[in-house]
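J.: The structure is given below, and queries will be raised subsequently.
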Amino acid sequence: MPLIDETLTALAPTVDRVTDKTSLLTSAAAVWAYPLWKAVHRAGVADDIAADVAKWAECLEVEAISALDPYRRFAYIAGALPEFRTLVHYRIRHIGMVQRLVLKKLYPGLSTLTLEAGSIGPGLFIQHGLGSIITAEHIGKNCWINQHVSLGYTAKGRPVIGDNVRVGAGAAVLGPITIGNDVTIGANATILHDVAPGTVMVSPPAMTLEHAKATRRAQLEPPA
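Just so we're aligned, residue 10 is where the sequence shown starts under this note's numbering, counting upward by one.
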């Protein structure tokens, strides 16, 4: 099974170029992913996974994926993207331990992605996901999370993330705070307080050392 997994990943087309390999990939994935698909249904999370798959197909913007039937679309994405498999394992976390361990062995997720939120609404998209630690109290529906993101604890608790929230690469959202619906958190932003719905949060842009020193001096100078 690891050999098949490696083959599927190697054959996955880039998002801007669809080739004849797509047909081969979907055919192989349809066989390979069936046990995982059955586990999804046995776990009672088929609706959440269907929303996840639809969100991933939308965000990946590959016409060939969107054109597939629901099962083949699931199989394709599961075969090509370990970060999606991590999400699937999160969804089916309440099945028996032995079955869960076997499925993790057969369908390994992304090893550097930690997904241990209290609850996650349907339609979560994880772009790359490398180095992300996602341990929020709750994540709403139709959210987008990038790589090297931290959604997690301080000594006082962990955050609640609303619906339709996008978190950019390198961002940190920490502590018992609430991020409202439709919020965008830019790359490398650090959020330690509540954010109102519809807000766009950005981090300070990089600047030259000379400019940073001049800005600091201006801040320290007494008013005229």
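Cβ coordinates follow ideal geometry from the N, Cα and C atoms, glycine included.
Could you check the C-alpha separation between Leu33 and Gly88 for me, to the nearest Å?
T.: Using only the alpha carbons, I get a separation of about 12 Å.
J.: So, helix, strand or coil for Leu20, using DSSP?
T.: Model confidence at Leu20 stands at a pLDDT of 43, short of 50, so the residue's coordinates are unreliable; what they give is reported in the following sentence. Reduced to three states, the DSSP call for Leu20 is helix.
J.: Taking all protein chains shown into account, do 16 or more other C-beta atoms lie within 10 angstroms of the C-beta of Leu7, making it buried, or fewer, making it exposed?
T.: Any question about residue 7 goes unanswered here, given that the chain covers just 10 to 233.
J.: Starting from Ala227, follow the alpha helix (DSSP H) in both directions and report where the run begins and ends.
T.: Residues 218-229.
J.: For the candidate residues Ile200, Gly171, Gly189, Val174, whose alpha-carbon lies nearest to that of Val182?
T.: Closest by alpha carbon: Ile200.
J.: Can you list, in chain order, the stretches of the beta strand (DSSP E) that have 3 or more residues and sit fully within the segment 143-196?
T.: Listed in chain order, they are 159-161, 181-183.
J.: Alpha carbon to alpha carbon, what distance is there between Met106 and Met216?
T.: Taking the straight line joining both Cα atoms gives about 51 Å.
J.: When the Cβ atoms of the segment 76-86 are set against those of the segment 100-118, are three or more pairs found closer than 8 Å?
T.: Because the criterion of three Cβ pairs below 8 Å is not met, the segment 76-86 and the segment 100-118 do not touch.
J.: Please identify the residue among Glu92, Ala164, Glu125, Ile148 whose C-alpha is closest to the C-alpha of Tyr116.
T.: Comparing Cα positions, the closest option is Glu92.
J.: Starting from the C-beta of Ile148, find all residues in its chain whose C-beta is less than 7 Å away, skip the five residues before and the five after it, and write them out in chain order.
T.: The residues are Ala126, Ile129, Gly130, Leu133, Ile170.
J.: From Leu237 to Pro232, what distance separates their C-alpha atoms?
T.: Residue coverage of the chain in this structure runs from 10 to 233, which leaves residue 237 outside it and unanswerable.
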